[in-house]
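Take a look at the structure below.
6 protein chains.
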Amino acid sequence: MKLTVVLPVITDAFTEEVRREVGAWVSPGTEVEVRRIARGTASIESEYDEALAGPGILDAVGEAAADGADAVFVSCFGDPGVQAAREIVDIPVVGGFEPAVLTSLALGERTGVITVLPNVLPMLHGLVRRYALTGRVGPIRVVDIPVLDLDAGDRLVDALAEQARAAVAAREADVIVLGCTGMLGVAAALQERLAAEGPFVPVVDPTGAAIMWLESQVRLGVRPSRTTYLPPRPKDRIA
Amino acid sequence: MKLTVVLPVITDAFTEEVRREVGAWVSPGTEVEVRRIARGTASIESEYDEALAGPGILDAVGEAAADGADAVFVSCFGDPGVQAAREIVDIPVVGGFEPAVLTSLALGERTGVITVLPNVLPMLHGLVRRYALTGRVGPIRVVDIPVLDLDAGDRLVDALAEQARAAVAAREADVIVLGCTGMLGVAAALQERLAAEGPFVPVVDPTGAAIMWLESQVRLGVRPSRTTYLPPRPKDRIA
Amino acid sequence: MKLTVVLPVITDAFTEEVRREVGAWVSPGTEVEVRRIARGTASIESEYDEALAGPGILDAVGEAAADGADAVFVSCFGDPGVQAAREIVDIPVVGGFEPAVLTSLALGERTGVITVLPNVLPMLHGLVRRYALTGRVGPIRVVDIPVLDLDAGDRLVDALAEQARAAVAAREADVIVLGCTGMLGVAAALQERLAAEGPFVPVVDPTGAAIMWLESQVRLGVRPSRTTYLPPRPKDRIA
Amino acid sequence: MKLTVVLPVITDAFTEEVRREVGAWVSPGTEVEVRRIARGTASIESEYDEALAGPGILDAVGEAAADGADAVFVSCFGDPGVQAAREIVDIPVVGGFEPAVLTSLALGERTGVITVLPNVLPMLHGLVRRYALTGRVGPIRVVDIPVLDLDAGDRLVDALAEQARAAVAAREADVIVLGCTGMLGVAAALQERLAAEGPFVPVVDPTGAAIMWLESQVRLGVRPSRTTYLPPRPKDRIA
Amino acid sequence: MKLTVVLPVITDAFTEEVRREVGAWVSPGTEVEVRRIARGTASIESEYDEALAGPGILDAVGEAAADGADAVFVSCFGDPGVQAAREIVDIPVVGGFEPAVLTSLALGERTGVITVLPNVLPMLHGLVRRYALTGRVGPIRVVDIPVLDLDAGDRLVDALAEQARAAVAAREADVIVLGCTGMLGVAAALQERLAAEGPFVPVVDPTGAAIMWLESQVRLGVRPSRTTYLPPRPKDRIA
Amino acid sequence: MKLTVVLPVITDAFTEEVRREVGAWVSPGTEVEVRRIARGTASIESEYDEALAGPGILDAVGEAAADGADAVFVSCFGDPGVQAAREIVDIPVVGGFEPAVLTSLALGERTGVITVLPNVLPMLHGLVRRYALTGRVGPIRVVDIPVLDLDAGDRLVDALAEQARAAVAAREADVIVLGCTGMLGVAAALQERLAAEGPFVPVVDPTGAAIMWLESQVRLGVRPSRTTYLPPRPKDRIA
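Residue numbers (our numbering), protein chains in the order written: chain Y, 181 to 419; chain P, 181 to 419; chain L, 181 to 419; chain G, 181 to 419; chain Z, 181 to 419; chain S, 181 to 419.
Below you can see the structure in the form of structure tokens.
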């Protein structure tokens, strides 16, 4: 199968790293393509950034489908453009939130998300409510590191571990979900760190979860429902 | 005060009618300005249309604030771009959903929204959940008339009355909210029609409700919270 | 329009202050009348006080409507007698809770109410549940000052600021609602105080919000639904 | 123990029947006293009636406690004055709703309440929400018979059976709660009637449930919490 | 009436104490029988223990009914086997959770459960959600004492009082429910201890509550609904 | 990886078919083992059957882990023994409900489950509440065919299609989940049938979903949290 990753940012700063990371998660038979968007922002850290990225994401998803993609991962934890994209293509599309959080629900009683900045908390809490998952997902925490500084190595793992420990201690979380798809390659290290200090607490990487999710949907032969995602009616549009 | 209406469509088909309608709702001292957007779609009837209109709406809201607007009404029931707009300006901004539905909650036990097409139902149900109002807002109904055909006069009132009667009979609704800001000038006629046939059921016009809401916010001296709507961080953006 | 304020207390201690305060909120064309009740208590700070005030409130609302009022504000945050009053008159009636809390919902993600005494917490939490708003309204806080001591000037603002800061810091609140209609004339000062110390957090005055709400309902041409508020059947009554 | 029934109506039309009925439910050692109220209405079928009855109910409960009652049953399904009464006396007090509905929750998955008139539906649905039981209690149904006509014998059982059958068939109910304390002496007949026609569906009589509840509370040595029901502060009151 | 207590453990360590305790709670006319199970575990402190005890509990309940029991109390707070038991017998069956927690709901706004070990928290939180009582039951607390060490006398009351005080102070609880049926004979002491230090907070003993509940169900003439608890279909079974 | 399927029934009637079906779903590198249980029932169609199967399921899961399984699928839609099993082994364990329903949540707004018999409805509705998914999962429907008659070929697809169509028409469902792991090999046919008659509605097979889920968990390097699933304490147990 052919899996397209839509990077909803206007620079190539993450392209290679994402390609490598996704390449490491996919099954042998899966071909990976990474597309960044032409219009939008350098990173998504607000409702404003997300709205600006919308048309570019939809362009990229539409082109990916036209080019034969079997599934699309919009690589951002806020699921930007994902509902809209499902209206216009006939293949599975997910962002970072749904696969990671739904995966976490079968791993423990309460899910604790740790994201980048306070700016995105209302957006993410809004997703929790929109997806009707308030009964299982606790208050969301932040490491207070901007997306463009996430290549912080140990400092990021330290900050995540501090928040994860606090969430577990406060009984807010039994499972940790990394709340930004830019937190690449740290889930295993964080999981190990936590297990070294206390009971085992699984850590879900949103990129890995999204890849598993899309491969699973393709293998199961399912794609989004057309009674939820109706095709947009023809009309004048200026993009 | 100066109130700007952002019409999130790319044509001037509605501009004059909206200006007239809004002009009829405002208080004596309120000056009205109507701006349509430069990029987007001819009408908003899907998540896709809404996403395409996002950057244009934010441009228009930002310009309105720069031009001295005291409050902005994004004239679409799906509240497109409203959360993002609150991040970038220091004045009240509302769409059609919040003022109309919140107003309805003090008028009866259950609110019944009637909108245009099935395409927007998941988007509107998503707003009900996002705003955590599922305990009071019933299933949303449609007249199955596209936005661009809403100048249907009696046919529209007939279709609305049929759905409103059904919703009341099924105990889904005690108050009716018109679920599209394009349903201009029919709320009073519908309310009268329903009252002629049975017990009084109030009908809330989303344009009227939004105008009252914004004038009220300005008079109360309040505007959106900066702990929910943090200003976007500076970064590269291509719109 | 003619707006009647029903003061649900048996003394005239608040009458002049309320008349002045409401007079400052209304639109130019609105005539204000203040009526206190004949039977009830000196202040409402318990379910017991609220129940004792019930018949007096209903008398006053009925008389106001008979005397040509266009809308009635029952000036108490617990909304005493409000549902019952809607059954017996054909004009908009609100208390303090509904307009203030519903207004707050469009200003931020979470609403924090600050009221007078712990005695009224179960009553107010009961309203939050009755109105199905638990998803947006946090735990309610108190300043621990009785209603009759609220003319405390700076001490009241100090106590409110302390609770508001704590609620914001604990991420319980993005918007503050003053939870007693006796907290007159302090909303603006509190909002300013908070803004001087941190991000802007709106403060909603329940009296101001109620006035806006009633004027809006009259201008929108709506009043409570007769499928929720059915007229009481004729029968023997001894008041 | 001494159990006082407060009949929240101003006539003696029900007094003897209630005394007989309650007498049949109590344990050997329980002494029953029935008090009607001096101020209020002939029956409670609206929020208005309930508010008018409030002071009279509180007078009666206070007097009962002063006269040595060990527990008080306010014989009305809407629980009028019950929360307020718990603030002023140190003994268990219940109305009709809480004991019957809570009892029903251990008898089946969903509870179906059948009450008298549509007028009381918003009040009862309001209680379901106030007590946070919406997840288990279905839509409430009516027989459309006023309280004062409930001595309808077979006609009442017929009407109840019709609504109960419909509720069960629609999967709204697995347990039936009679939603008016004036529906005396029909629960067993209704339960038998339903069992003769289909699977066994329990029918909970609110008077019987309240008596069991109060005797149980006394035997368990518990009474309402003083952190929920704080004693009203001293102040001027005119009743 | 004849009331059977099923002790879901494989030793007789508790039999005499439970017989004495239950004997002290029942009405004069009630005959008590205590049966322990033949297969299972020495105490129930995990989902694993609960699952192992299932067949033994069902054997015991079935035998009790065959021997003429009028009601059965499965003496464990996790309600193990209770739903299944209702499918196979025609008499009331309860565990410890339902009667105690439902009783508590009419005593105060929020219920605080205090149980033995963290191991059972997810199971008990799962019951709160399964019974749809999340709106009233706070976070559950533990004394961190295993069931087999509960005969700790003062140490148990000390530990319970510490947790109860903390729950009340944090506004998590207005009523305390002892969350293990092995906490025998301490409810009254705990209630007294709390009342000596602050406002009255009722403490509900699950054994006492269950006995009252079952006697009440028998006197009310009700038993579990056959539309919720359908009789298992005949088939091969190896126990 | 080695994946063990625990068939929670006491006959080999399904063993070969399940082995074949699971074999068709797994990835090339996955080795499949099917174990049936020694004690339990011929099929699971009630809480009673589920409870009887508990110890046998736990035996089988424990043995599978001891024999080197990397993940276990308890092949029953009611998730019997799954929570308990997670307490005793250090590998991923799922039943049929969690993977299928969680998968469905990213495919459409509302999930409609169709199961075998009315007997299991309270158990499945109980799971929906326990997992806190009531906001997305509609009322569950039945085909009214016992598990042992599910090899009905076309008759089963006909019955499923009838219920699926009704659920979609009533706006209860946008995605269909087959609510019994014995409904083998019909998901694709049902999905095709529905798509031939109306808009595309995905159909999720619980066996397929479970296999994808377990392979994904293993590849992600996660397993159940030890703060939710604590290891049972040592004690006497008689199985």
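Glycine included, each C-beta is placed from N, C-alpha and C at the ideal position.
Query                                                                                                                    : Result
Rounded Cβ spacing between S:G261 and S:I224 (contact assumed at less than 8 Å)                                          : Contact doesn't hold; Cβ gap of about 10 Å is too wide.
Selected residue, minimal CA-CA separation from Y:D329, among Y:V296, Y:L358, Y:Q343, Y:A312                             : Y:V296
Residues sharing a beta bridge with Z:R413, DSSP                                                                         : The partner list for Z:R413 (beta bridge, DSSP) is empty, contrary to what the question assumes.
Any 3 or more C-beta pairs closer than 8 Å across the region 181 to 201 of chain Y and the region 254 to 271 of chain Y  : yes
Beta-bridge pairing of G:L187 - partner residues as DSSP gives them                                                      : G:R216
Proximal chain Y residues relative to L:E289, where beta-carbon distance stays under 7 Å                                 : P302, H305
The beta strand (DSSP E) enclosing Z:T195, as first and last residue numbers                                             : It is not in any beta strand (DSSP E) - Z:T195 instead sits in the alpha helix (DSSP H) that spans 195 to 205.
Min CB distance G:A240 to chain B below 8 Å                                                                              : Of the chains in the structure shown, none is chain B; the protein chains are Y, P, L, G, Z and S.
Closer than 8 Å to chain P by CB, S:G365                                                                                 : no
Helix, strand or coil at L:R316 according to DSSP, with G and I counted as helix                                         : coil
CB of S:I217 within 8 Å of CB of S:D239, strictly                                                                        : yes
Cβ contact (3+ pairs, closer than 8 Å) linking the region 392 to 402 of chain P and the region 260 to 278 of chain P     : yes
Residue-level contact to chain L via CB, Y:R316, 8 Å cutoff                                                              : no
G:G292 - containing beta strand (DSSP E), residue span                                                                   : 291 to 295
Minimum Cβ-Cβ distance from P:R406 to chain L less than 8 Å                                                              : yes
Candidates G:R413, G:K415, G:V198, G:L301: closest to G:E213 by CA position                                              : G:V198
Span of the beta strand (DSSP E) around L:L358                                                                           : 355 to 358
Buried/exposed call for Y:R335, threshold 16 Cβ in 10 Å                                                                  : exposed
Residues near G:A389 in its chain [Cβ-Cβ closer than 6 Å; skip 5 each side]                                              : P279, A280, T283
Listed by chain order, chain Z residues near S:I294 by CB distance under 8 Å                                             : Chain Z residues near S:I294: none, gap ~18 Å exceeds 8 Å.
Assigned secondary structure, S:E352 (DSSP; H/G/I helix, E/B strand, else coil)                                          : coil
Bridge-paired residues (DSSP) for P:V383                                                                                 : P:I356
Spatial neighbours of Z:L410 in its chain, beta-carbon cut-off 7 Å, leaving aside the 5 residues before and after        : E267
Given 8 Å, three or more beta-carbon pairs between the region 306 to 314 of chain Z and the region 309 to 329 of chain S : yes
For Y:A375, the first and last residue of its enclosing alpha helix (DSSP H)                                             : 367 to 377
Contact list for S:S403 against chain P, beta-carbon separation under 7 Å                                                : For the record, residue 403 of chain S in the displayed sequence is Arg; it is not Ser. Result: empty, since nearest Cβ-Cβ is about 31 Å, beyond 7 Å.
S:I391 (DSSP reduced to helix, strand or coil)                                                                           : helix
Span separating the alpha-carbon of Y:D270 from that of Y:G242                                                           : 10 Å
Whole-number beta carbon distance between S:L301 and S:V423, since they are thought to touch under 8 Å                   : Examination of residue 423 of chain S is not possible in this model, given that chain S is present from 181 through 419 alone.
According to DSSP, residues forming a beta bridge with L:T221                                                            : G:R417
Per DSSP, the bridge partner or partners of Z:A246                                                                       : None; Z:A246 has no bridge partner.
Alpha-carbon spacing of P:L287 relative to L:S405, whole angstroms                                                       : 6 Å
Anticipated Cβ contact below 8 Å, S:A419 with S:P235, distance rounded                                                   : 5 Å
Closest by C-alpha distance to Y:E230, when choosing among Y:I190, Y:V206, Y:V202, Y:K182                                : Y:I190
Where Z:M392 meets chain G, residues with beta-carbon distance less than 7 Å                                             : S396, R399, L400
Own chain, CB closer than 7 Å to P:D250, minus 5 neighbours either side, in chain order                                  : M181, K182, L183, I271, V398
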